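To keep things clear, I will list the structure first and then write my remarks on it.
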Amino acid sequence: MQVTSKASIPGYVNLDLYFHTLEGPIKIKVEAYVVKGMTTPLILGNDFADQYSFSVKRLEGRTFLEFGDSGRSLNIVNSISPELVDEDGHAFKV
Numbered sequence: 493m494q495v496t497s498k499a500s501i502p503g504y505v506n507l508d509l510y511f512h513t514l515e516g517p518i519k520i521k522v523e524a525y526v527v528k529g530m531t532t533p534l535i536l537g538n539d540f541a542d543q544y545s546f547s548v549k550r551l552e553g554r555t556f557l558e559f560g561d562s563g564r565s566l567n568i569v570n571s572i573s574p575e576l577v578d579e580d581g582h583a584f585k586v
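Put into structure tokens, the structure is as follows:
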């Protein structure tokens with residue numbers, strides 16, 4: 493509903509989400525919504541990031557997820573859809 497303001501997502505599952513960092517695993521209990529036809533394997537929204545103090549950081553060509561003040565981080569891959577990128581590799585222009 494938050495994404496489109498027109499649809500609802502009735503299907504969800506409660507599960508443990510594990511992030512395997514070099515410093516050890518992080519486990520978080522989540523309520524994950526199942527979206528039919530979604531092409532991205534996982535979306536972590538801003539409200540989720542705020543709740544768990546996650547930050548996406550970019551430094552020296554590296555993108556990583558930082559887990560609050562735990563000192564733990566995880567390298568991540570940017571998942572911009574190829575259909576939404578222009579000929580220069582930009583998702584949008586300002």
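Each residue of the sequence shown is one higher than the last, beginning at 493 in the numbering used here. Cβ coordinates follow ideal geometry from the N, Cα and C atoms, glycine included. Since we're looking at a predicted model, the values are computed, not measured.
Per DSSP, the bridge partner or partners of K521: Reading the sequence shown from its first residue, position 29 is the one you call residue 521. The partner list for K521 (beta bridge, DSSP) reads D508.
Please list, in chain order, all residues of the same chain as F559 whose beta carbon is under 8 Å from its beta carbon, the five residues on each side excluded. Taking the first residue of the sequence shown as position 1, residue 559 is located at position 67. Within the same chain, F559 has close Cβ partners F511, T513, I518, Y544, S545, F546, S565, L566.
Would you tell me roughly how many angstroms separate the C-alpha atoms of R550 and L557, rounded to the nearest one? As a working mapping, residue 550 is identified with position 58 in the sequence shown. As a working mapping, residue 557 is identified with position 65 in the sequence shown. Taking the straight line from one Cα to the other gives about 9 Å.
Of the residues G503, L536, I501, L507, which one's Cα is nearest the Cα of K521? Position 29 of the sequence shown, counted from the start, is the residue given in the question as residue 521. Ranking the options by Cα distance to K521, first place goes to L507.
Measuring only from the beta carbon, is F559 closer than 7 Å to any heavy atom that is part of the ligand MG? Annotation note on the ligand MG: not contained in the displayed structure, which lists no ligands.
Report the residue from T555, Y525, L509 whose alpha carbon sits nearest the alpha carbon of I501. Within the sequence shown, the letter at position 9 stands for residue 501. When only C-alpha atoms are compared, the closest one is Y525.
How would you call M493, buried or exposed, if buried means at least 16 neighbouring beta carbons within 10 angstroms? Position 1 of the sequence shown holds residue 493. Caution is warranted here: a pLDDT of 49 is assigned to M493, below 50, making its placement in the model unreliable, and the coordinate value is therefore given only provisionally. Exposed, because fewer than 16 other Cβ atoms sit within 10 Å of the Cβ of M493.
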